[in-house]
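The listed protein sequences derive, respectively, from chains A and B.
First residue of the first sequence: 142, per this note's numbering; consecutive thereafter.
First residue of the second sequence: -10, per this note's numbering; consecutive thereafter.
Encoded as structure tokens, the structure appears first; notes follow it.
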Amino acid sequence: MRAILAVSIGKLLRFLVRLVRPGGGSALPGVVANKLDPKLLSNALAALDHGLVVVSGSAGKSSTTSYLVTLLEAHGLRVFTNSSTANIRQGLVAAVLKQGNWRGRLDSDIAVLEFDEGHGAVLAGELEVRLAVLTNVYSDQLDRFNDPDDVIAMLKQIGSAAKVVVLNIDDKNLAQLEFTAPVIGFGLSAEMAKTRRANYALNFGPHPAIDAFTQAGKDSIMVHSEGETKYVTTSLPEHQALNLSAAVAAVHQLIKPSESIISAVLKELKPVFARNEKVEVSGVDVVIRLVQNPTSFQLNLDELVLDQTPLMFMAGRDIHDPSWLWTVDFSKIKKVDIVGGFNANELALRLAFDGVEVGVVIEDAAAAADSFLALPGTGHTLLFSADAMRRVRRHWGLAK
Amino acid sequence: MTHYFSFHSEYFDNNGDQGNLSVLKYFLAEQAVSFDEAGELSSADFVLIGDASRAAIREYGKELLDLAPALQARHDAGLPTLLVGSSYEFLASQVTWLDTPRLGSVVSEFRSVVTDEAGPVVGYRNSSIADIDFVRNGDFIATTLFGPLLAKNPNLLDQMLVACGGSPADWQPQMRNWVEAIRGSNSS
Chain A
142 MRAILAVSIG KLLRFLVRLV RPGGGSALPG VVANKLDPKL LSNALAALDH
192 GLVVVSGSAG KSSTTSYLVT LLEAHGLRVF TNSSTANIRQ GLVAAVLKQG
242 NWRGRLDSDI AVLEFDEGHG AVLAGELEVR LAVLTNVYSD QLDRFNDPDD
292 VIAMLKQIGS AAKVVVLNID DKNLAQLEFT APVIGFGLSA EMAKTRRANY
342 ALNFGPHPAI DAFTQAGKDS IMVHSEGETK YVTTSLPEHQ ALNLSAAVAA
392 VHQLIKPSES IISAVLKELK PVFARNEKVE VSGVDVVIRL VQNPTSFQLN
442 LDELVLDQTP LMFMAGRDIH DPSWLWTVDF SKIKKVDIVG GFNANELALR
492 LAFDGVEVGV VIEDAAAAAD SFLALPGTGH TLLFSADAMR RVRRHWGLAK
Chain B
-10 MTHYFSFHSE YFDNNGDQGN LSVLKYFLAE QAVSFDEAGE LSSADFVLIG
40 DASRAAIREY GKELLDLAPA LQARHDAGLP TLLVGSSYEF LASQVTWLDT
90 PRLGSVVSEF RSVVTDEAGP VVGYRNSSIA DIDFVRNGDF IATTLFGPLL
140 AKNPNLLDQM LVACGGSPAD WQPQMRNWVE AIRGSNSS
């Protein structure tokens, strides 16, 4: 009865919020429904035959979750999942409201959920977690987490709630963690590790050796399973290799996958939204890249083709403490045509002190997006933080 | 010729504190004042010890403590020094020449601290220090505020530029506007 009331009111609120704000509106209905029935989420997940998988870490959560969901669906499983913007409690409850029936029951076999590190540590203890994927620890969101030590502790909590832990063995912050559950390792091949710049949070301790179940190469994933080594090829860009390695390792722990299905899926996989994705807006092709922390900003800058213009960088409200922008090396960039978003002035100042010419600063995300489309050139490239991405997506009608 | 020393700059850059050097370099270069790295603290005119993660403090804390006598001498003489964030918090808990701050829970927020000489000093902080955000003796500054400090506080920047053999910054109007906008939005 409690669940029916919570779901009914939640679904109604969701409908009303989306009338006013298309593409948005997961927070309020989630908060209200959770208040009315605090067990709505845990009951919905506990009823799934194949259990709950959680994916957490500083970066790579959305991509890994998306790839794992695709792999499981290709094997015929019905998967309940959440969007990257709904990876805290109210967002997860909102996902149940969206996809569940009036009693809050899900028509799914398994759940694969992206967990925010902080909220996930609390949530994991309340749920039965079959498998946890831990992606990495960066020096990220220090205004929220204070220090990477605290993030490591949160991921340890998430992993400790799981029956199997799949973790990134290249990040010694994770490799050092001890779990009573079996640990399955994923990482990059030795060749890839030489060329990829992964700035994991500082750790001066030892790097324990853990066997790799999967290793990502330039265009293939090596799978070490049951004494055999197999390769599956992928057409995804190189920067997605580690996330794919994680998803392939996880899927082997959840089901007995078909090699041919994995191969077929990997050939067709596309990066998740805004991970070096090309979109067409009002007849203009725009390459969009999400930057969420110093590491992802640096990796995206490293990959930029410099003769592609115009260029817009946006730093939104999600960057509560913009100090980290000063740790990114922008010196290879000559000019940024528009700097936008709530923290545009901070980003512009940083760019100027790194010798980068700044065209114009436009704090309002929608106005910046319009001005950007109006600029001449055929290589429109946009790097934006999560909040700026949400605002621009909504303004351009890309939000679903 | 002016020399700077930055303590393990690669690791003590948790919150972009090395940006203080970028800002000094930028304006000193405009003023044709050479500003080069010193091999050691004792031969430096300007010293920066940035904010660092707990892992870095665990690894280099003893080395930082070994520098405490030299830092005390700089403090007492008011020589140009920036001691920022967790490094300030760490040293203040270990030495007597810095007032021991009262510790509480960690507060992460923008803060504006009113000072006698430099007016309001603006910066982000992520610290468990509850009472002393800004300590100054001449050109020696110890603070919880980062971001980097000199980029957002023109008065302090001018003070350090002069202390480093330069003159007050001649800002491009556009850049000055950005600084004012940042200070304006974070001064409450």
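Every residue, glycine too, gets a C-beta built ideally from N, C-alpha and C.
As the structure is a computational prediction, the values presented were derived from the model and not from experiment.
Check                                                                                                                               : Outcome
Element boundaries [alpha helix (DSSP H), containing E409 of chain A]                                                               : E400 to E409
Environment of L146 of chain A [buried if 16+ CB atoms lie within 10 Å]                                                             : exposed
Sufficient close CB pairs (3 or more, under 8 Å) joining the stretch 277 to 286 of chain A to the stretch 341 to 356 of chain A     : yes
Cutoff 9 Å: H191 of chain A Cβ touching any chain B Cβ                                                                              : no
For Q20 of chain B, the residue or residues it bridges with in DSSP                                                                 : BP columns for Q20 of chain B are empty, so no partner.
Residues that V253 of chain A bridges to, as DSSP identifies them                                                                   : A:V194 and A:T222
Chain B contacts made by the stretch 429 to 454 of chain A, where a contact means CB separation under 8 Å                           : none
Length of the line joining the Cα atoms of M149 of chain B and V102 of chain B                                                      : 18 Å
R244 of chain A versus A:K152, A:S464 and A:G358, residue with shortest Cα-Cα distance                                              : A:K152
Distance between beta carbons of L268 of chain A and L186 of chain A, contact taken as under 8 Å                                    : 6 Å
As assigned by DSSP and simplified to three states, the class of I38 of chain B                                                     : strand
Chain-ordered residues of the stretch -2 to 17 of chain B with a beta carbon less than 7 Å from chain A                             : Y0, D2, N3, N4, G5, G8, S11, V12 and Y15
DSSP-derived helix/strand/coil call for N142 of chain B                                                                             : coil
Residue burial classification, S472 of chain A (beta-carbon count within 10 angstroms, cutoff 16)                                   : exposed
Cut-off 7 Å between Cβ atoms - residues of its own chain near A227 of chain A, not counting five sequence neighbours on either side : S167, L233, A235 and A236
Three-way DSSP call (helix, strand, coil) for F438 of chain A in this model                                                         : helix
At least 3 beta-carbon pairs within less than 8 Å: the stretch 31 to 39 of chain B vs the stretch 150 to 157 of chain B             : yes
Proximal residues to P90 of chain B (C-beta, below 6 Å), its chain only, five neighbours per side dropped                           : A81, I118, D120 and I121
Partner residues on chain B for E487 of chain A, Cβ-Cβ distance less than 8 Å                                                       : W167 and I171
Local Cβ density within 10 Å of L247 of chain A, reported as buried at 16 or more and exposed below that                            : buried
Cutoff 9 Å: S464 of chain A Cβ touching any chain B Cβ                                                                              : yes
Closest Cα partner of W467 of chain A within the set B:Y(-7), B:T(-9), B:D2 and B:F(-6)                                             : B:D2
Amino acids of chain A, ordered along the chain, whose beta-carbon sits closer than 8 Å to that of S42 of chain B                   : S280, D288, P289, D290, A342 and L343
heavy atom of the ligand ATP below 8 Å from P162 of chain B C-beta                                                                  : Of ligands this structure carries none, so the ligand ATP is not represented either.
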